[in-house]
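By the UniProt record's numbering, the letter at position 16 of the sequence shown is numbered 16, and the numbering carries on one by one without gaps. Even glycine gets a Cβ: it sits at the ideal position worked out from N, Cα and C. No experiment lies behind these values; they were computed from the predicted model shown. Here is the structure we will look at, set down as structure tokens.
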Amino acid sequence: MDAAQALGELAAAAHDDLGRLLLRASREVNHAAVERLHERGFTDVRPAHAAVLAHLDADGTRIVDLAHRAGLTRQAVAVTVRELVAAGYADATADPADGRASLVSLTPRGATLCHTAAQVIRDEGARWGERIGDPGLTDLLARLRALVDAAG
Numbered sequence: 001m002d003a004a005q006a007l008g009e010l011a012a013a014a015h016d017d018l019g020r021l022l023l024r025a026s027r028e029v030n031h032a033a034v035e036r037l038h039e040r041g042f043t044d045v046r047p048a049h050a051a052v053l054a055h056l057d058a059d060g061t062r063i064v065d066l067a068h069r070a071g072l073t074r075q076a077v078a079v080t081v082r083e084l085v086a087a088g089y090a091d092a093t094a095d096p097a098d099g100r101a102s103l104v105s106l107t108p109r110g111a112t113l114c115h116t117a118a119q120v121i122r123d124e125g126a127r128w129g130e131r132i133g134d135p136g137l138t139d140l141l142a143r144l145r146a147l148v149d150a151a152g
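Here it is, written out as structure tokens:
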């Protein structure tokens, strides 16, 4: 098999590849959500911020736990936390149980961001429902949940 045939075969297989389609859909949703947040005044928000904010506990969360939950490195999470702190969305304070660790928690501005982000997520879901029909979206979500649950 030559290079052209191999690349053609790969392109044909990738057309209906589950991972590729999920990634493209995820990027589209995330991009649209960040745009909506920017329109609502949160102009410094990046997609990476959501990966950290979504895993915070109300009473604070250690960076190592955020990294584990988000599937990211501690270093990547630490950089993102510094950005969130600098933007006023989060605080990082010494963990009373372990002075070497920091607890990351939301500020009032961060809580407002999370509240707004929740509304944006619902709005984006409604937009996708308009694109493929509400029954189609409901079915898609149920099947995706089943896939995720089956994967463990």
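(request) Tell me, to the nearest whole angstrom, how far the beta carbon of G60 is from that of L113; I am working on the premise that it is less than 8 Å. (result) Taking 8 Å as the upper bound for CB-CB distance, G60 and L113 are not in contact here, some 17 Å apart.
(request) Round the Cβ separation of A33 and I132 to the nearest angstrom and send it over; I've been treating them as touching at under 8 Å. (result) Going by Cβ atoms, the distance from A33 to I132 rounds to 18 Å, so no, they are not a contact pair.
(request) Check whether the stretch 33-53 touches the stretch 133-147, counting contact only when three or more Cβ pairs, one atom from each stretch, lie closer than 8 Å. (result) The stretch 33-53, when compared against the stretch 133-147, does not touch it at the 8 Å Cβ threshold.
(message) Residues in the same chain with beta-carbon distance under 7 Å from D95, minus the five sequence neighbours each way, listed in chain order, please.
(response) Correct list, in chain order: R62, A101, S102 and L103.
(request) Alpha carbon to alpha carbon, how far is T107 from R27? Give it in angstroms, no decimals. (result) Take the alpha-carbon of R27 and the one of T107: they are about 27 Å apart.
(request) Would you mind reading off the limits of the beta strand (DSSP E) that contains G99? (result) First-last of the beta strand (DSSP E) with G99: D98 to L106.
(request) Could you name the residues of the same chain whose beta carbon sits closer than 7 Å to that of V81, not counting the 5 residues immediately before and after it, in chain order? (result) Answer for V81: V52, I63, A90, A92 and V104, listed in chain order.
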